[in-house]
Structure formats: C-alpha cells, structure tokens
Amino acid sequence: MFKSRPLGVLVVTVALVAAACSSDSGEIDGPTIKIGSANFSESALVAEIYAQALEAEGYSVDRKLNIGSREIYKPALESGELDLLPEYIGTMLTFLGGEASSDSAATHSALQAAWEPEGISILDFAPAQDKNGLVVTKATAEELGVSRTSDLANFNGTLVFGGPPECPNREFCLIGLQSLYGLDFLEFKPLDVGGPITVTALESGEIDVALLFTSSGVILAKEFVLLEDDKGLQPAENLAPAVRTEILDAYGDRFANVLNAVSSVLTTTELIALNKAVEVDGEDPDKVAADWLDALGLS
Amino acid sequence: MIEFLGEVVAWFADPAHWTGVNGIPNRLWEHTQITVLATSLAVLVAIPPAVVLGHRKRGGTFVVGAVNIFRAVPSFGIVVLALPITVALGLGFGFWPTFLALLFLAIPPMFTNTYTGVAGVDSDVVEAARGMGMTERQIMTGVEVPAASPIILAAVRVAAVQVVATATLGAVVAWGGLGRYIIDGFAIQDGVLVFAGALLVAGLALVTEVGMSYLERAIVPDSLQTAGNEVAGIAV
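Protein chains in written order, with the numbering used here: chain C, 9 to 307; chain L, -10 to 225.
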C-alpha cells in the first residue's frame, strides 16, 4: 500500500493509537471511575444511571454492581476498590453512628461530616426517598383493618414477618419495630432484600407482613398496602452519590455537576416508575436507565 | 488469624449458641433430617428402576442421559424455581423447595452408578446363574445387585455428602439448617458466624462420609470388599 515501509508502519501505528485513545476510555483523562451498588435492583439501577450519565459526558467508567450489603460495600468504597455508589442518607448516617431525622438537609449535612474523615464525600441529595416500609396484601389490610404500622401491635404474637436476613440487626428494621412500635411478631422469616422471594412469600401467604421499600414498583402493581410509618421510625432517606474525595478532587466541579444534575431531577415519583419498569415489567435495567436519561436530555 | 480463630472458639463455647431454634443442636437436627430424608427417598426412587434397566441393558444410555440432564441444573436454581410449585401445592417455603432440590441432586449419581454397576456385572456370572435355573428376579437381587453393591453404595455415599453440603442453600428460602449461620452471617458480614457454620457443615459432611463407609463395609458381601470389582467388571 505504501511505497515506503517505515511510513506505512508509522501511519498504522498512529491510527491504532488514535483508535485506542478514542474508544471505551472516553475523552476525559484520569482514573477510571469504579461504580458499585448494593445487592438490590434499585441500587443497581441508580448506579447504572450514574454510570451512563458520566459516560455520556466522556468519563471512563467500570461497573461493579450488586456487591452486597452495607457491611461489604462500605469497606470497599473506603479502601478505594470502589469510587462511587448511591447511598441513602438516613440509614448511612445511622450506620456511621450519627443521629438521623426526617429533615433531609440536616441529615445530609450530618452525613457529610460523619463520612468525611474516611475520605468519602456526599454530593447533592435527590428529592427521591426510599425508606423501609411494612407492606401487607390488600386482603390482609381489609381483614385486620390495618393501615398504619402501629395498628399491627393489636395482633402481636400472631403475624409472620419476612424481610432481608440482616433485618433483626437493623435499627430501622426489626430492632426499631420492636422498641419504638412494641411489635412482637410470631416469627421472622429471612428472605431477600425486598426482592422476588419476599414478594412471592407475601403473595402466597407464607408471610403476613413484608419488609419492602417505599419506592418499590411492586407495591402499586400488586395492590399491596404500604402501612404508614406513623411513629416516624424511618428517617429521611434521600438518595445521594457517595464518592471518594480523591476522585472528586481529581475531576473537579464538572464531575460533580453531572451527578448533581441527575440528582436534581430524580424524584420519588420518577424512582417508582423506574423501579416498576425493571421489577414489574421486567425490562432491562441498562435500557431503562438509558431511556430515562435520554428523555431528560442528560445523555 | 489467631485472634479470628479465638473468636470462632469463643462462639462455640457460648452456651447461648447451643439453645433455641437457632442453636447448634436444632440446626444440626434439621440439617441431618433433610439429608436422611432426601437421600433415602432418592435411593427408593433411583435405584430400583436403575437395577431393572441395568439388568435388561436396553435403552439404558438414553435414560441415563435423560436423568443426567438434571446434574446440569444448579441446585440454587431449583430451590428458587420450586417456589411457585410448592406454593401452589400449599407446601410453602423453607423445607419443601429445599427438599425437592436435594432430591434432584441425589438421584442422578445414584441412578447412573447403579445402572452402570448392574449392567457391567460379568456376563459369564449372569449366564452361569441363568444356567443354574435362577429366575430373572433372583439374578437381579441375588447376583447383580450384590456384585454391583460397591459401586451403588459408593454413589449413595457421595450423594449423601453432596446433599449435606448443598442443604445449606435452603437458608435462602427461609429454611433453617446449618446454612442459616452462613447466610445470616454473610448478610451482616459476621465472619465468625459464617466460619462457624462452614465448620459445622464440613464436620457433618465428614461424619456422613465416615458413617456411610462403615455402612458399605457392613452391606457389601465379604468377597467383594476389596477387589470385588473384578466380578462387578468395572475398574474403580
């Protein structure tokens, strides 16, 4: 092709290098951002949204989703195995030993202060909240005449409660339900984290009360009844990106702005619709995330 | 490391872990119970048909192949897939989906080994038996099964140990057993709990292995104890 061999080699080399530079690695130079999530679908979905928004901006991203419970992914984030993940401000603050309240802004600031010593920054919080919620079937709600969590105390010792295996160790789960509401369940069945096993158990009558999440798409779709948290056990649980301060410093405002823009339009209503698409309609999370970002002009 | 092992020892030494529904005796009992039940039922379901098929030596490859397809289905998948079925049958979560999965785990090796063992009995021996006037049924029970007993019992032993190890999966669908320590410990990242559970499972598996070996020694005819494989016609 080329008369002069060295020239040909040079052209091919330059072409290859140019191709390598402009492929997956994006246009922005810097460390690859490792994005993680907890082991339930909403967390993975929001993490996927963060990932696609950053990729659209030109950042190079590596996904490590569905890692596990907080005890697993928190150390991973602090040690640098992960750089970014979506968190819930109330539970995380309590996990760090702080006092969470239903005031989103106060809880958010307290979380920033509490986690900063470990080198983690919290970006702006989204309006969307996802709290632990006790759920019963429509039939159970009518039969027992319950609409609030405190109503369950009238049936102490008779109801079977199902939730994630860590529930008995959680302040906002069984521990709080026992101490604040005085609830005493007949039995606790360890299932999964608000996933299909728990939903099947509730539908089939295996359990009477399930721990699901307030932004779950399943609650509306299956006509379950979400019991009101009338004594305010659950604190503000807005979603916010938790990111290693090192990464934030490396990339600066432009990086933070991408994620803040996503957070500003993520309301609880939007979150429920996103969850419904994945959990109930069975759509692919990657596609759901992409469509959502497209519709909002964020990708 | 030493500190961690110290914590594990302390866990076992804690009397609270030996009482109640989540105590070691209860979980061991649940685990042993499901293992015995699943293995026994698998023996009843897998071995007689396999003996008959092995004796007839017809269509065996096809049936063995079909049965072996179940080896490819992960037990975890069966436990979860069984849920709608057990729910529809009113059997619920916990024990039954786990039992079903363990049954599917234990049957294929027992079936395959029994078929191979019986089909592989030295044909001269079978012919001699026929020549002596034994009925087909007498040949199966008096010649082929005893001759193949080392292989059959080996399969039962291996299957039983696999069932012990896999019964831990039941904890995912709200069953108890020793898997409870592993799954719950993992959810709260309590390494000591996970390790203790794993130790208990390993211990039970070892006991099962040793116990079954003694059973083999008791059942397999003396003349076949060591090199009985010559009659069985199969190399170990």
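Note that the Cβ used here is the ideal one computed from N, Cα and C, for glycine as well.
Would you please state the rounded distance, in angstroms, between the beta carbons of residue i and residue j? I believe it to be under 8 Å.
{"i": "Pro94/C", "j": "Ala55/C", "result": "6 Å"}
{"i": "Val107/L", "j": "Val134/L", "result": "7 Å"}
{"i": "Ala61/C", "j": "Val266/C", "result": "5 Å"}
{"i": "Pro243/C", "j": "Ser117/C", "result": "Going by Cβ atoms, the distance from Pro243/C to Ser117/C rounds to 14 Å, so no, they are not a contact pair."}
{"i": "Val183/L", "j": "Tyr170/L", "result": "7 Å"}
{"i": "Glu236/C", "j": "Thr157/C", "result": "7 Å"}
{"i": "Leu241/C", "j": "Tyr189/C", "result": "7 Å"}
{"i": "Gly98/C", "j": "Ala108/C", "result": "4 Å"}
Could you spell out where the alpha helix (DSSP H) holding residue i opens and where it closes?
{"i": "Lys295/C", "result": "293 to 303"}
{"i": "Glu50/C", "result": "49 to 65"}
{"i": "Tyr203/L", "result": "180 to 208"}
{"i": "Ala118/C", "result": "112 to 123"}
{"i": "Val149/L", "result": "At residue 149/L the sequence reads Ala, which differs from the Val that was named. Residues 134 to 155."}
{"i": "Glu98/L", "result": "A small correction: the amino acid at residue 98/L is Pro; Glu does not occupy that position in the sequence shown. That run of the alpha helix (DSSP H) goes 84 to 108."}
{"i": "Phe1/L", "result": "-9 to 2"}
{"i": "Ala27/L", "result": "13 to 45"}
How should residue i be labelled, buried or exposed, when 16 other C-beta atoms within 10 angstroms of its C-beta is the threshold for buried?
{"i": "Met129/L", "result": "buried"}
{"i": "Phe1/L", "result": "exposed"}
{"i": "Gly180/L", "result": "exposed"}
{"i": "Asp294/C", "result": "exposed"}
{"i": "Leu195/L", "result": "exposed"}
{"i": "Val56/L", "result": "buried"}
{"i": "Ser31/C", "result": "Here Ser31/C scores only 46 on pLDDT, less than 50, and its place in the model should not be relied on; the value that follows carries that caveat. Looking at its Cβ environment, which holds fewer than 16 other Cβ atoms inside 10 Å, Ser31/C is exposed."}
{"i": "Lys46/L", "result": "exposed"}
{"i": "Ala(-1)/L", "result": "exposed"}
{"i": "Asp3/L", "result": "exposed"}
{"i": "Met99/L", "result": "buried"}
{"i": "Asn288/L", "result": "Only positions -10 to 225 of chain L appear in the structure, and residue 288/L is not among them; the question remains open."}
{"i": "Ile140/L", "result": "buried"}
{"i": "Gly186/L", "result": "buried"}
{"i": "Phe(-7)/L", "result": "exposed"}
{"i": "Met201/L", "result": "buried"}
{"i": "Phe65/L", "result": "exposed"}
{"i": "Glu50/C", "result": "buried"}
{"i": "Val225/L", "result": "With a pLDDT of 40 at Val225/L, under the threshold of 50, the modelled position of that residue is not reliable, and no figure is offered here."}
{"i": "Leu78/L", "result": "exposed"}
{"i": "Thr277/C", "result": "exposed"}
{"i": "Ala191/L", "result": "exposed"}
{"i": "Leu182/C", "result": "buried"}
{"i": "Ser187/C", "result": "exposed"}
{"i": "Ala116/L", "result": "Going by the sequence as given, residue 116/L is Glu instead of Ala. Exposed, by the Cβ-count rule."}
{"i": "Asp302/C", "result": "exposed"}
{"i": "Glu65/C", "result": "buried"}
{"i": "Leu33/L", "result": "exposed"}
Starting from residue i and walking both ways along the beta strand (DSSP E), at which residues does that stretch end?
{"i": "Val69/C", "result": "69 to 76"}
{"i": "Arg252/C", "result": "247 to 252"}
{"i": "Glu95/C", "result": "92 to 96"}
{"i": "Gly141/C", "result": "140 to 144"}
{"i": "Ile43/C", "result": "41 to 46"}
{"i": "Ile130/C", "result": "128 to 130"}
{"i": "Glu195/C", "result": "195 to 198"}
{"i": "Gly168/L", "result": "Not the beta strand (DSSP E): Gly168/L falls in the alpha helix (DSSP H), residues 168 to 176."}
Just the chain C side, please: which residues come within less than 7 Å of residue i by C-beta, in chain order?
{"i": "Asp173/L", "result": "Pro173, Pro198"}
Determine the chain C residues that contact residue i at a beta-carbon separation under 8 Å, and present them in chain order.
{"i": "Phe(-7)/L", "result": "In chain order: nothing, as chain C lies at least about 16 Å away."}
For residue i, which residues in chain L fall below 8 Å Cβ to Cβ?
{"i": "Ser77/C", "result": "Ala176, Ile177, Gln178"}
Determine the chain C residues that contact residue i at a beta-carbon separation under 9 Å, and present them in chain order.
{"i": "Gly81/L", "result": "Ala209, Ser212, Gly213, Glu214"}
{"i": "Leu167/L", "result": "Residues of chain C passing the Cβ test: none, with the nearest at roughly 14 Å."}
{"i": "Val76/L", "result": "Thr208, Ala209, Glu211, Ser212, Gly213, Glu214"}
Residue i versus chain L: which residues are under 9 Å apart at the beta carbon?
{"i": "Ile205/C", "result": "Val69, Leu72, Phe82, Val161, Val162, Ala163"}
Report the neighbours of residue i on chain L: residues whose CB is nearer than 7 Å to its CB, in chain order.
{"i": "Ile6/C", "result": "Residue 6/C lies beyond the residue range present for chain C, which begins at 9 and ends at 307; the question has no answer from this structure."}
{"i": "Asn177/C", "result": "Ile177"}
Between residue i and chain D, is there a C-beta pair that is closer than 8 Å?
{"i": "Trp164/L", "result": "Of the protein chains in this structure, namely C and L, none is chain D."}
Between the segment 193 to 201 of chain C and the segment 117 to 124 of chain C, can you find at least three pairs of beta-carbon atoms closer than 8 Å? Verdict: no, contact absent.
Are the segment 278 to 286 of chain C and the segment 36 to 45 of chain C in contact at 8 Å, needing three or more beta carbon pairs? Short answer: they don't touch.
Pairs of beta-carbons, one from the segment 141 to 156 of chain C and one from the segment 218 to 232 of chain C, closer than 8 Å: are there three or more? Touching, per the Cβ criterion.
How about the segment 147 to 158 of chain L and the segment 93 to 103 of chain L: do they share at least three Cβ pairs that are nearer than 8 Å? The segment 147 to 158 of chain L vs the segment 93 to 103 of chain L: in contact.
Check whether the segment 73 to 89 of chain C touches the segment 4 to 14 of chain L, counting contact only when three or more Cβ pairs, one atom from each stretch, lie closer than 8 Å. Result no; under three Cβ-Cβ pairs closer than 8 Å.
Report yes or no: do three or more beta-carbon pairs, one from the segment 244 to 260 of chain C and one from the segment 197 to 214 of chain C, lie closer than 8 Å? The segment 244 to 260 of chain C makes no contact with the segment 197 to 214 of chain C; the number of CB pairs closer than 8 Å stays below 3.
Contact between the segment 68 to 79 of chain C and the segment 164 to 180 of chain L (3+ Cβ pairs under 8 Å): The segment 68 to 79 of chain C vs the segment 164 to 180 of chain L: in contact.
Segment contact flag, the segment 264 to 271 of chain C with the segment 56 to 70 of chain C, C-beta cutoff 8 Å, min 3 pairs: The segment 264 to 271 of chain C vs the segment 56 to 70 of chain C: in contact.
Hey, is the segment 251 to 263 of chain C in contact with the segment 164 to 171 of chain C, meaning 3+ C-beta pairs nearer than 8 Å? Too few Cβ pairs lie closer than 8 Å, so no.
Count the C-beta pairs between the segment 129 to 136 of chain C and the segment 200 to 216 of chain C that are closer than 8 Å, then say yes if the count reaches three, no if not. No: fewer than three Cβ pairs fall under 8 Å.
Using 8 Å as the Cβ pair cut-off and three pairs as the minimum, do the segment 11 to 29 of chain L and the segment 149 to 169 of chain L touch? Yes, the segment 11 to 29 of chain L touches the segment 149 to 169 of chain L.
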